[in-house]
Amino acid sequence: ACKCMSFYDLAKKYGMDIQQCQVEIHGVTGKGPVIPGTHIPSSKLLSVEYVYKIQSANSDAELENYMKYVDGACTVGNSLKDDILQSHRFERL
141 ACKCMSFYDL AKKYGMDIQQ CQVEIHGVTG KGPVIPGTHI PSSKLLSVEY VYKIQSANSD
201 AELENYMKYV DGACTVGNSL KDDILQSHRF ERL
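At position 78 of the sequence shown the residue is numbered 218 (this note's numbering), and the sequence of numbers has no breaks.
Below is the structure:
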């Protein structure tokens with residue numbers, strides 16, 4: 141989970157208080173275009189939701205602002221196609 145690694149790695153640099161972080165990733169798949177030469181639709185990843193289970197003294201607003209750094213450092217998330225909806229939410233531990 142490069143997202144959690146980014147939380148930890150960047151925390152000191154940006155003055156964040158991250159004691160614990162876990163991430164669950166939920167994906168939604170659906171039908172894509174028909175496979176050439178068949179009548180069968182391909183399967184496609186439509187959206188990804190990252191659920192951050194986090195222990196931090198920082199507010200949700202501060203964590204939300206911090207996400208631009210976390211998202212910018214995540215090679216997996218940045219490698220997903222632009223047409224795949226990516227979202228996140230926080231749950232406190």
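We treat Cβ as the ideally placed atom computed from N, Cα and C, and that holds for glycine.
For this session: Return the residue from the list K152, G170, M207 that minimises the CA-CA distance to I180.
Result: Looking at the Cα atoms, G170 is the closest of the given residues.
Problem set entry | Enclosing alpha helix (DSSP H) for T215 [first to last residue] | Run containing T215: 215 to 219, per the alpha helix (DSSP H) assignment.
Problem set entry | Beta-bridge pairing of H277 - partner residues as DSSP gives them | Absent from the structure is residue 277, since the part of the chain shown begins at 141 and ends at 233.
Exercise. What's the C-alpha gap between V188 and Q162?
Worked result: Just so you know, the alpha carbons of V188 and Q162 end up roughly 16 Å apart.
For this session: Leaving aside the five residues before and after V210 along the sequence, list all residues of the same chain whose C-beta is less than 8 Å from its C-beta, in chain order.
Result: Answer for V210: K143, S146, F147, L150, listed in chain order.
Exercise. Just reading off the alpha helix (DSSP H) that K152 is part of, what are its end residues?
Worked result: Neither: K152 is in no alpha helix (DSSP H) and is coded neither H nor E.
Problem set entry | Cα-Cα separation between D222 and K153, rounded to whole angstroms | So the alpha carbons of these two residues sit roughly 28 Å apart.
Problem set entry | C-alpha gap between G177 and S183, whole angstroms | One C-alpha to the other measures close to 16 Å.
Problem set entry | Option nearest Q226 by Cα separation, candidates Y190, V174, A201 | Per the Cα distances, Y190.
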